[in-house]
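Notes follow once the structure below has been shown.
Residue numbers (our numbering): 6 to 1026.
Okay, here's the thing in structure tokens:
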């Protein structure tokens, strides 16, 4: 970057204070005489129980800063006037709650006036698209966790592997924050083979314990300058704080065991392999067990087409002597028993051939009838105590979940509180896996310590753990297990679950937020945080001796093919992340607030992983390997001006971002050093430091309230994100470099435009319509670089490695319409519809050589990609969601002689429908090069329902609830893989016939989960 840019960046940092007011809101208002409407100067406005307040100025205006989200009671006092109490004043993160408070002269019978604040239909200071959800709504919505809540936003969609996209953005374009601390995810790829793509369920940290959440905000439009490293949006979760009184809640959630995929049980005896090989007689027929002709005795003997050996009985010796022998029957019985042991789920019974008796038969020959004997094998029912290949009955596993949250005062210290929340979840994988369950553990402790009148410390200690699979743990059947993945030949992997080991992901987070109050109108925030991430995948020795020897009875199912062997992946990743951030906020006037701040994040990364085969659990044999160390640094500074007037609210800001991966890069990118064996060359060892990248982001958001019923908004901004470490730091080997990350990749960039209007209908409903456009440039894309130390395993004559460049681009545009009921009442509802289009492409070459001359004519250069703008797989043209709830309060509903059976009963329903995934159907040769994603799969529907009843049990508030996901058992067709299933796709297009008859893929025809029923029992205290 040029020197001038660096000067500007440094100046911004020096001008900045510190940053972290992202978890607070503001109350602003005017106090006036009820009759004359003249402002009251010097009136005291206090938040009850919070030791926070303000005095009105000469215009009767007041502002209370750094208010924690929630509902409050305000008391307003003024000499000669009756005290005014305003109840249920709602405060939201990063928003201003506006109040108009009239006061009446105190009379003989008027000491206090109590009113309830009305939640405004129109959000006056909404300068970008966002939605806020508080704990009350979270509690009522039929959802497993926060990811389900966020999916009710029609612009927020789950990808097949469990990642998320927002308004057509990429998987990691969302900044997810808990109490202002970004939830880091520094490792997102497949161990040892990062170039192959992302692993499953990298969004597991989004499912924070709902009992610990005070409020969540999802910003889906442009966002203000204080937020960065995101192109699509920001998710902000504010955790609960303890109250002056001890209180809490415990919940138990349960789902019965069952089969949670469509189609037959994978290990059913109705499966074709059991029908063919599940009887001992079938093994006697196999050619493998027939003796060579020169070793046979007599002619082969059969009964009903089944061969048997015949013996005669020697009465003198008391032995059975060979008579007509053509079969290795004992070996067949041994193989059959081993096959049963491999195919029968652990803990289930199986009928093994353990012994035999002799039965007499009469063999008719030319000489007459010869009494002979054959074996009659005895089948004994035994329990398969251990299936060494990992096969188990996944239908026997129940979903179990424990949640808790409680808090209160710390001793008798005034202003000192704590809140502790936690979760333990065991969720069976939809299809059989090595790990069997996806485990999720979360513990979060938030403390608030008032260290004086001006200084407050808020700390957070968090532990997170997820145990899952590299290719499992997501809801989509393709990423629920390797058994559902075409990369593992789909169902052909179901009898060999042990090769893909479980992965454990850990995160330990500590943050300390200091708030110093200079004056009631100015404060200073400083947050120090440390995150330690750990990813572990451990290797386990395997042996081919655990399985029946190879033969026709395998029926195409995957098996171990070499010895000694081990599980396929090993990984050891450790990352320390230190961050400092802060914010200086000054309410210069009632209408004018200034923010300025900076952020610095330093990482210490250690990455080591391998993939493929091993000599044993410790010695690497062949396949792929990755190793790197790096200390990336990101810096940011911003300045933001917020102006609030009756007819206009403006958020204007400028942000500067910088980053450097602080790793060594080869001086000669066409000849990087390769120190392993198998490559054609060694390469050049000379390196140089990676470079700094700097970007500046102007941001502007405007809202124009028109009376109390309408508000227009405009938003414009530049948004930058640091490229994924998988693309910058990873380097994979396979007889040379098969992938070499580009540590000098620059920022990814998006320019966002938005125009919206809010309108109040009948004073009880809100209509919000917004049109948006996103221009995405400098996106990361994959190319092949040909050089001597590239992978010989990929090409012996012209070795190459995958690398990454900033040549991707795209656009996302759409219209969002939201209709919501705001008035009080038993019935509440919200509908949201999105019409959108997401397209993208790349420019430049897909493969590059050192000798390639960019000045040569286009027609003479190889593999130049045309800059076509095609609909992407992330495009969902139509998306609709609806949330409806109906509830009864105290002594409401049916009255049966003073008994109210529906008291505190509520029901909630969510409904969603989205366009199917786009796909390409080429019908003529001319379309081959000009057609992409011209068709769509069927629409996808889902309805979820929850029923809840609250009552008193032994004096405690008790909750019983039932949640039904996919109430109507809707089915979502699994998209066909265009490379592997092209013929199946064409068959479906022409005949509507799916792969339900395919014995290996029938269970993955529909990708979503069938109906699930969850029961919850909760106790509050």
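From the three backbone atoms N, C-alpha and C, an ideal C-beta is built for every residue, glycine too.
Because the structure is a prediction, the values reported are computed rather than measured.
Closest to residue 304 by CA distance: which of 257, 362, 370 and 767 is it?
Here residue 304 refers to the residue found at position 299 when the chain shown is read from its first residue. For residue 304, the nearest C-alpha among the options comes from 370.
If the criterion is Cβ atoms closer than 7 Å, does the pair residue 663 and residue 699 meet it?
Indexing the chain shown from 1 puts residue 663 at position 658. Indexing the chain shown from 1 puts residue 699 at position 694. In contact: residue 663 and residue 699 (Cβ atoms closer than 7 Å).
Ignoring anything shorter than 3 residues, give me the beta strand (DSSP E) runs that lie fully in the segment 99 to 146, in order along the chain.
Correct list: 101 to 108, 117 to 121 and 135 to 139.
Going by beta carbon distance, what residues of the same chain come within less than 7 Å of residue 1006, once the five residues before and after it are set aside?
The residue given as residue 1006 occupies position 1001 in the chain shown. Result list for residue 1006: 495, 496 and 1000, in chain order.
In its own chain, which residues sit with a C-beta less than 8 Å from the C-beta of residue 419, not counting the 5 before and 5 after it?
As a first step, residue 419 is located in the chain shown; it is residue number 414 there, counting from the start. Once the five neighbours on either side are set aside, the close Cβ partners of residue 419 are 455.
Neighbourhood of residue 623 by C-beta, 8 Å cutoff - its chain only, sequence neighbours within 5 removed
Sequence index remark: in the chain shown, residue 623 carries index 618 (1-based). Note that residue 623 scores 38 on pLDDT, short of 50, meaning its location in the model is unreliable; the coordinates nonetheless yield the value given after this. Spatial neighbours of residue 623 in its own chain (CB-CB distance under 8 Å, excluding positions within 5 residues in sequence) are listed in chain order as 544.
Residue 273 versus residue 356: straight-line alpha-carbon distance, rounded
Locating residue 273 in the chain shown gives position 268, where the first residue counts as 1. Locating residue 356 in the chain shown gives position 351, where the first residue counts as 1. The alpha-carbon separation between residue 273 and residue 356 amounts to approximately 15 Å.
Does DSSP put residue 284 in a helix, in a strand, or in coil?
Indexing the chain shown from 1 puts residue 284 at position 279. The answer is coil: DSSP assigns residue 284 none of H, G, I, E or B.
Return helix, strand or coil for residue 498, following the three-state DSSP convention.
Position 493 of the chain shown, counting from 1, holds the residue named residue 498. Assignment of residue 498 by DSSP, reduced to helix, strand and coil, places it in the helix class.
Let's test the definition: count the other Cβ atoms within 10 Å of the Cβ of residue 81 and tell me whether it reaches 16, buried, or not, exposed.
Taking the chain shown and counting its residues from 1, the one referred to as residue 81 is at position 76. In summary, residue 81 is buried, with 16 or more beta-carbon neighbours lying within 10 Å of its beta-carbon over all protein chains present.
Endpoints, the alpha helix (DSSP H) within which residue 95 is located
Residue mapping note: residue 95 aligns to position 90 of the chain shown, counting from 1. Per DSSP, residue 95 belongs to no alpha helix (DSSP H); it is in the beta strand (DSSP E), 88 to 96.
Three-state secondary structure assigned by DSSP to residue 342:
Translated into positions along the chain shown, residue 342 becomes position 337. The answer is helix: DSSP assigns residue 342 an H, G or I state.
According to DSSP, simplified to helix, strand and coil, what is residue 294?
In the chain shown, residue 294 corresponds to position 289, counting from 1. The answer is helix: DSSP assigns residue 294 an H, G or I state.
Can you name, in chain order, every residue of its own chain whose Cβ lies under 8 Å from the Cβ of residue 267, other than the five neighbours on each side?
In the chain shown, counting from the first residue as 1, residue 267 sits at position 262. Same-chain partners within the cutoff: 976, 1008, 1010, 1011 and 1015.
Identify, in the order they occur along the chain, each residue of the same chain with its Cβ nearer than 6 Å to the Cβ of residue 989, setting aside the five sequence neighbours on each side.
As a first step, residue 989 must be located in the chain shown, where it is residue number 984. For residue 989, same chain residues with a beta-carbon under 6 Å away, outside a window of 5 residues either side, are 981 and 1000 in chain order.
If we require 4 or more residues per run, which alpha helix (DSSP H) segments fall completely within the segment 697 to 735?
Qualifying alpha helix (DSSP H) stretches, in chain order: 730 to 733.
Beta-carbon proximity of residue 846 to residue 873, cut-off 7 Å:
Counted from its first residue, the chain shown places residue 846 at position 841. Counted from its first residue, the chain shown places residue 873 at position 868. A contact, by the Cβ cut-off of 7 Å.
Could you name the residues that DSSP lists as bridge partners for residue 587?
In the chain shown, counting from the first residue as 1, residue 587 sits at position 582. DSSP lists 531 as the bridge partner or partners of residue 587.
Suppose you measure from the CA of residue 570 to the CA of residue 201; what does that come to, to the nearest Å?
Counted from its first residue, the chain shown places residue 570 at position 565. Counted from its first residue, the chain shown places residue 201 at position 196. Distance between the alpha carbons of residue 570 and residue 201 is about 23 Å.
Please classify residue 428 as buried or exposed, where buried requires at least 16 other C-beta atoms within 10 Å of its C-beta.
Translated into the one-based positions of the chain shown, residue 428 becomes position 423. Buried, by the Cβ-count rule.
What residues are listed by DSSP as bridge partners for residue 776?
Taking the first residue of the chain shown as 1, we reach residue 776 at position 771. Under DSSP, the beta-bridge partners assigned to residue 776 are 760 and 820.
Which same chain residues end up closer than 6 Å to residue 51 when comparing Cβ atoms and leaving out the 5 residues on each side of it in sequence?
Here the question's residue 51 lines up with position 46 in the chain shown. Excluding residues within five positions, the ones whose Cβ falls inside 6 Å are 58 and 80.
According to the neighbour-count rule (16 or more other Cβ atoms, all chains shown, within 10 Å of its Cβ), is residue 695 buried or exposed?
Residue mapping note: residue 695 aligns to position 690 of the chain shown, counting from 1. Residue 695 is buried by the Cβ-count criterion.
Where residue 623 falls: helix, strand or coil (DSSP):
As a position in the chain shown, residue 623 is number 618, starting the count at 1. Reliability of the predicted coordinates at residue 623 is poor, the pLDDT of 38 falling under 50, and the value obtained from them is presented with this limitation in mind. Three-state DSSP puts residue 623 in coil, outside helix and strand.
Assess, as a yes-or-no matter, whether the segment 257 to 264 is touched by the segment 801 to 811 under the definition of 3 or more beta carbon pairs within less than 8 Å.
No, they do not touch.
Thinking just about the alpha-carbon of each residue, which of 70, 110 and 104 is nearest to the one in residue 87?
For the purposes of this step, residue 87 is taken as residue 82 along the chain shown, with counting starting at 1. It is 110 whose Cα lies nearest to the Cα of residue 87.
Nearest to residue 302 by alpha carbon, out of 327, 284, 320 and 288?
Translated into the one-based positions of the chain shown, residue 302 becomes position 297. Of the candidates 327, 284, 320 and 288, the residue whose Cα lies closest to the Cα of residue 302 is 327.
Spatial neighbours of residue 1018 within its chain, please: C-beta separation below 6 Å, excluding the five flanking residues on both sides.
Taking the chain shown and counting its residues from 1, one reaches residue 1018 at position 1013. If we look at residue 1018 and ignore the five residues flanking it on each side, its Cβ neighbours are 969.
If the criterion is Cβ atoms closer than 7 Å, does the pair residue 350 and residue 398 meet it?
Taking the first residue of the chain shown as position 1, residue 350 is located at position 345. Taking the first residue of the chain shown as position 1, residue 398 is located at position 393. Yes, the pair counts as a contact, with Cβ atoms nearer than the cut-off.
Suppose contacts are defined by Cβ-Cβ distances below 7 Å. Is residue 461 in contact with residue 520 by that definition?
Looking up residue 461 in the chain shown gives position 456. Looking up residue 520 in the chain shown gives position 515. Taking 7 Å as the Cβ cut-off, residue 461 and residue 520 qualify as a contacting pair.
Over the uninterrupted beta strand (DSSP E) stretch that includes residue 995, give me the two end residues.
Against the chain shown, residue 995 aligns to sequence position 990. No beta strand (DSSP E) contains residue 995, which is instead part of the alpha helix (DSSP H) from 987 to 996.
Report the residue ranges of all beta strand (DSSP E) runs contained in full by the segment 358 to 415; include only those spanning at least 3 residues, in chain order.
Runs found: 373 to 388 and 404 to 414.
Host alpha helix (DSSP H) of residue 153 (start-end):
By one-based count along the chain shown, residue 153 stands at place 148. Here the alpha helix (DSSP H) through residue 153 covers 151 to 155.
Reference residue 667, options 585, 747, 46 and 978, closest by Cα
Within the chain shown, residue 667 is the residue found at index 662, counting from 1. Residue 667 has its Cα closest to that of 747, out of 585, 747, 46 and 978.
Cβ shell of residue 522 (< 6 Å), same chain only, five flanking positions each side left out
Translated into the one-based positions of the chain shown, residue 522 becomes position 517. Excluding positions up to five away in sequence, the list reads 459 and 528.
Which of the three DSSP states, helix, strand or coil, is assigned to residue 899?
In the chain shown, counting from the first residue as 1, residue 899 sits at position 894. Of the three classes helix, strand and coil, the one that applies to residue 899 here is coil, per DSSP.
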